[in-house]
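Enquirer:
Residue numbers (my numbering): 3 to 66.
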């Protein structure tokens, strides 16, 4: 039961973290698309993808 509780809280923390990151990048993307040029919006998307790839790479290394 304790293990299940720990897994659930870990899942909630990661879900909130990823949710905040997604909201942050989507917000910046919308701001860039509306107030700046389209190229800035594309740069935000590319930056978000690069950060996600780097994080996934290091996250898999740390879990081993």
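Even for Gly, the Cβ is constructed at its ideal location relative to N, Cα and C.
If you're wondering where the values come from, they're calculated on a predicted model, not measured in any experiment.
1. Cα separation between residue 12 and residue 4?
2. What three-state label does DSSP hand residue 38 in the structure shown?
3. On the criterion of 16 or more Cβ atoms from any shown chain inside 10 Å, does residue 46 qualify as buried, or is it exposed?
4. Please report the distance separating the alpha-carbon of residue 48 from that of residue 21.
Expert: This is what the structure holds:
1. In the chain shown, the residue the question calls residue 12 occupies position 10. In the chain shown, the residue the question calls residue 4 occupies position 2. Between residue 12 and residue 4, the C-alpha separation is close to 12 Å.
2. For the purposes of this step, residue 38 is taken as residue 36 along the chain shown, with counting starting at 1. In the structure shown, residue 38 sits in coil (DSSP, three-state: anything other than H, G, I, E or B).
3. In the chain shown, counting from the first residue as 1, residue 46 sits at position 44. It counts as buried.
4. As a first step, residue 48 must be located in the chain shown, where it is residue number 46. As a first step, residue 21 must be located in the chain shown, where it is residue number 19. C-alpha separation (whole angstroms): 18 Å.
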